[in-house]
Amino acid sequence: MKGKSLAWALSAALAGITLSSAVQAEEQFVTIGTGGQTGVYYVAGQSICRFLNRGAAEHGIKCNAPASGGGVANVNGIRSGEFNFGIMQSDHQFKAMKGVAPFEKEGAMDDIRAVFSLQSEVFTILARRDANIASFDDLKGKRVNIGNPGSGQRDTLEEIMQVKGWDRSAFSLAAELKPAEQASALGDNNIDAMTYFVGHPNGAIQEATTTTDAVLVPVTGAEIDKLLAEKSYYTKADIPGGVYKGNDAPTPSIGGKAVLSTSAKASPEVVYQLVKSVFDNIDRFKRLHPAFADLKEEDMIKVGLSAPLHEGAVRYYKERGWL
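For what it's worth, our numbering labels the leading residue of the sequence shown as 17, then goes sequentially.
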């Protein structure tokens, strides 16, 4: 009897080892390109992975969302295979698909696919009050962080500079700091103004306005109206008043949507499970950052999406009766 019990125990153990090995063999690892650690992209990527990883025992997919250079870098990361998914500005999804600046060297990315959109984003300029910057034009001759190469803020700033006929020589200093480095540089008086294309509230801007007497700068005027008329992926947008210390009134600017993108080569099952993990927990997801609070499912599956939806996302949206 003892012999039989031992045999059964050994068989069960071996079966467990075999099953465990099979599960491990089926595990898939996916990476989401995000942004700087103080930005909303990073929180969004971490939050998506959080929900996807909760179901890893069932679907075998494990998710990682490291900090990255931002939207442009995420497009290039998807193209190269470094990232399976990437968060980017809605205009970058459009520009990548068309192969226009800043992606003209790489050419049109025919296989870029949309998954869903996220929070609204606003092009944001924050300046030291003692720098006397009250409008975009007041940036001329100042020390400005134009953003690190590959960042969304830099691309948008360069589009605005283009319609104004400016180049980098318009600034006494054109710094290339990463988002996480901006607030301290502003506080240490190493720059007069920082730029960001971001959802609000934002940690870096909260830090800067808490430690420094700083003001949000409106982005308006005839050239901005021209940009809005020529570039349909931008819209008029406001930074809400009262979100940051010393900035009680809304600040007008331009904006768009943050979007999660992938490649047509991405596994339909992986995309399906990722989408399902977020939308099945949408109320919890919305509580993970104030910028997510107003997300609506019906908008997330269509607003701000320039590229075709990935088939894995379409499958889930049809199951829910949304398409």
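Glycine residues also receive a C-beta, built at the ideal position from the N, C-alpha and C atoms. These numbers were taken from a predicted model, which means no experiment stands behind them.
- Counted as a single uninterrupted DSSP element, the stretch harbouring residue 105 is not any alpha helix (DSSP H) but the beta strand (DSSP E) occupying residues 101-105.
- For residue 283, the three-state secondary structure derived from DSSP is coil.
- When the beta-carbon positions are compared, residue 279 and residue 103 stay at least 8 Å from each other.
- Per DSSP, the unbroken beta strand (DSSP E) holding residue 136 starts and ends at 128-144.
- For residue 172, the enclosing alpha helix (DSSP H) covers residues 168-180.
- Between residue 162 and residue 130 the beta-carbon gap is near 28 Å, outside 8 Å, which marks them as no contact.
- Within the stretch 230-289, the runs of beta strand (DSSP E) that reach at least 3 residues and sit entirely inside it are, in chain order, 230-232, 251-255, 267-279.
- By the criterion of a C-beta distance shorter than 6 Å, residue 57 is surrounded in its chain by 50, 51, 103, once the five residues flanking it on both sides are discounted.
- Judged by their CB atoms, residue 274 and residue 173 are not nearer to each other than the 8 Å cut-off.
- Annotated three-state conformation of residue 302 is helix, per DSSP.
- Residue pairing by DSSP places residue 46 opposite 79 in a beta bridge.
- In this structure the stretch 322-329 lies against the stretch 286-303, because at least three pairs of beta carbons, one per stretch, are closer than 8 Å.
- Burial state of residue 339 is exposed, judged by a 10 Å Cβ sphere holding fewer than 16 other Cβ atoms.
- In the DSSP secondary-structure assignment, residue 214 is bridged to 138.
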